[in-house]
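Undergrad: Dropping the structure in here first, questions after.
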Amino acid sequence: MNNQTALITGASSGIGFELARCFARDEYRVMLVARHLDELQEAARLLQQEFWGVEVLLLPFDLSRPETAEQLYAETSRRGLQIDALVNDAGFGETGYFTDTDMQTELNIIQVNATSLVHLTKLYLRDMVRRNEGRILQVGSVASFAPSPCQAVYAATKAFVLSFTEAVQHELKQQKSAVTMTILCPPPTDTNFFHVAHAENTRAASHAASARAVAEEGYDALMDGAARSLPTLGAKVNFFSSLLLPDSMLATLMNTQLHAAEK
Ligand SMILES: NC(=O)c1ccc[n+]([C@@H]2O[C@H](COP(=O)([O-])OP(=O)(O)OC[C@H]3O[C@@H](n4cnc5c(N)ncnc54)[C@H](OP(=O)(O)O)[C@@H]3O)[C@@H](O)[C@H]2O)c1
Numbered sequence: 001m002n003n004q005t006a007l008i009t010g011a012s013s014g015i016g017f018e019l020a021r022c023f024a025r026d027e028y029r030v031m032l033v034a035r036h037l038d039e040l041q042e043a044a045r046l047l048q049q050e051f052w053g054v055e056v057l058l059l060p061f062d063l064s065r066p067e068t069a070e071q072l073y074a075e076t077s078r079r080g081l082q083i084d085a086l087v088n089d090a091g092f093g094e095t096g097y098f099t100d101t102d103m104q105t106e107l108n109i110i111q112v113n114a115t116s117l118v119h120l121t122k123l124y125l126r127d128m129v130r131r132n133e134g135r136i137l138q139v140g141s142v143a144s145f146a147p148s149p150c151q152a153v154y155a156a157t158k159a160f161v162l163s164f165t166e167a168v169q170h171e172l173k174q175q176k177s178a179v180t181m182t183i184l185c186p187p188p189t190d191t192n193f194f195h196v197a198h199a200e201n202t203r204a205a206s207h208a209a210s211a212r213a214v215a216e217e218g219y220d221a222l223m224d225g226a227a228r229s230l231p232t233l234g235a236k237v238n239f240f241s242s243l244l245l246p247d248s249m250l251a252t253l254m255n256t257q258l259h260a261a262e263k
């Protein structure tokens, strides 16, 4: 063990699990957050099977509840654990015209993807800045760069994460802090995301990247203290297009990704 602790939300599956795997490989103690205890236990079993001696702590918490960030912070403090790396990965989306989608689902998307991310960042970043060490990985998306019709609320939360992260990165530089914050902007990635978002048969889902490859690029960027990670050529194209094209054209391009995949 390297005696450092990483707290990873959304760590029971997909990109979050693969990020937890990177930390476990580098002998961090990993604290895994997600709602379902059975899936957290399975994630812990897989990590302990692959990395002998890794310490895995499970935190079954629901980040769609406003009180969860404070409860998580209280729980890590109660255990006397300093968080050296925070990964805000938990997130989900929904697909459909805004006039048709369920309001409560979208309020939960905002709470998990944006509000809880800000709240956890506030709680742990203050401690990191006081110690002048630590790193935070925010999981955005290629949807951070463009309005996304039929995933309007989801993409808006990811644009929020990008704006928030870039602003705090600037503040950390002004404060001459050694703490770093990195945003990972995955392209469509092969995880449960599309199933949860009711977007399984879309073009985006049909050319999804591997969660392991995406997580490894994000982890390397985090460890390098890079500002952003754009895994795959597709993510880089999304980013550079957003600098060149008007939002109306970007919205059309994003929308085509949610059309039915060709058989
Ligand atoms: N896959 C993609 O194409 C893609 C592309 C760009 C960005 N992303 C982003 O990557 C992140 C990870 O998604 P993924 O693709 O790896 O999807 P995933 O496999 O569905 O993983 C989502 C994780 O978040 C947890 N989670 C969901 N709701 C939660 C809640 N209310 N409280 C606590 N944990 C919760 C899930 O566990 P429980 O269900 O047990 O809570 C799971 O561990 C998300 O922020 C997503 O927006 C994904």
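With the UniProt record's numbering applied, the sequence shown corresponds to residues 1 to 263, in that order.
Ideal Cβ placement from N, Cα and C applies to all residues, glycine included.
If you're wondering where the values come from, they're calculated on a predicted model, not measured in any experiment.
(1) Since Gln182 contacts Ala143 with CB under 8 Å, what's their CB separation in whole angstroms?
(2) Let me make sure I understand the geometry here. Which of Gly53, Glu70, Pro66, Tyr219 has the alpha-carbon closest to that of Thr180?
(3) For a minimum of 4 consecutive residues, which ranges assigned as the alpha helix (DSSP H) are wholly contained in the region 96-158?
(4) For a test of your reading of the model: does the CB of Ile15 fall under 7 Å from any non-hydrogen atom of ligand 1? Yes or no.
(5) Quick one: does the C-beta of Pro149 sit closer than 7 Å to a heavy atom of ligand 1?
(6) Along the alpha helix (DSSP H) that carries Asn238, what are the first and last residues, could you check?
(7) Helix, strand or coil: which one does DSSP assign to Ile83?
(8) What does the alpha-carbon distance come out to for the pair Gln151 and Leu59?
(9) The alpha helix (DSSP H) spanning Thr76 covers which residue range?
(10) Pop quiz: Ile136 and Asp89 are said to be a contact at Cβ under 8 Å. What is the actual Cβ separation, rounded to whole angstroms?
(11) Cutting at 6 Å between CB atoms, please list the residues of its own chain near Leu86, excluding the five before and the five after it.
(12) Nearer than 7 Å: is that true of the beta carbon of Leu63 relative to any heavy atom of ligand 1?
(13) Does at least one heavy atom of ligand 1 sit under 7 Å from the Cβ of Leu189?
(14) Looking only at its chain, what residues have a beta carbon closer than 7 Å to the beta carbon of Asp84, apart from the 5 residues adjacent to it on each side?
(15) Does the Cβ of Ser12 lie closer than 7 Å to at least one heavy atom of ligand 1?
(16) Buried or exposed for Ser12, going by 16 or more other Cβ atoms inside 10 Å?
(17) Here's the rule: buried if 16 or more other CB atoms are within 10 angstroms of the residue's CB, otherwise exposed. What is residue 311?
(18) Could you have a look at Leu47 and say whether DSSP puts it in helix, strand or coil?
TA: Based on what the coordinates show:
(1) Within the sequence shown, numbered from 1, the residue matching residue 182 stands at position 182. Within the sequence shown, numbered from 1, the residue matching residue 143 stands at position 143. The residue asked about is misnamed: residue 182 is Thr in this sequence, not Gln. Between Ala143 and Thr182 the Cβ distance is about 18 Å, and since that is not below 8 Å, they are no contact.
(2) The sequence position of residue 180 within the sequence shown is 180, counting from 1. Measuring from the Cα of Thr180, the nearest candidate turns out to be Tyr219.
(3) 103-110, 116-131
(4) Within the sequence shown, residue 15 is the residue found at index 15, counting from 1. It does: the Cβ of Ile15 is within 7 Å (strictly closer) of some heavy atom of ligand 1.
(5) Locating residue 149 in the sequence shown gives position 149, where the first residue counts as 1. For ligand 1, not one heavy atom lies less than 7 Å from the Cβ of Pro149.
(6) The residue labelled residue 238 in the question sits at position 238 within the sequence shown. That run of the alpha helix (DSSP H) goes 232-244.
(7) Locating residue 83 in the sequence shown gives position 83, counting from the first residue. The answer is coil: DSSP assigns Ile83 none of H, G, I, E or B.
(8) The residue given as residue 151 occupies position 151 in the sequence shown. The residue given as residue 59 occupies position 59 in the sequence shown. Roughly 29 Å separates the two Cα atoms.
(9) Here residue 76 refers to the residue found at position 76 when the sequence shown is read from its first residue. 68-78 is the span of the alpha helix (DSSP H), which, as asked, contains Thr76.
(10) Counting from 1 along the sequence shown, the entry for residue 136 is found at position 136. Counting from 1 along the sequence shown, the entry for residue 89 is found at position 89. At roughly 11 Å, the Cβ-Cβ gap does not stay under 8 Å, so Ile136 and Asp89 are not in contact.
(11) Here the question's residue 86 lines up with position 86 in the sequence shown. Contacts found: Leu7, Tyr124, Ile136.
(12) Within the sequence shown, residue 63 is the residue found at index 63, counting from 1. Result yes, Cβ under 7 Å from ligand 1.
(13) Stepping through the sequence shown from its first residue, residue 189 is reached at position 189. Checking the sequence shown, residue 189 turns out to be Thr, not Leu. Yes.
(14) Numbered from 1 along the sequence shown, position 84 holds the residue referred to as residue 84. Around Asp84: Gln4, Thr5, Ala6, Gly134.
(15) For this step, residue 12 is matched to residue 12 along the sequence shown. Yes, since a heavy atom of ligand 1 falls inside the 7 Å radius drawn around the Cβ of Ser12.
(16) For the purposes of this step, residue 12 is identified with residue 12 of the sequence shown, where counting begins at 1. Buried: at least 16 other Cβ atoms inside 10 Å.
(17) It is not possible to answer for residue 311, since the shown part of the chain is limited to 1 through 263.
(18) The sequence position of residue 47 within the sequence shown is 47, counting from 1. Correct three-state label for Leu47: helix.
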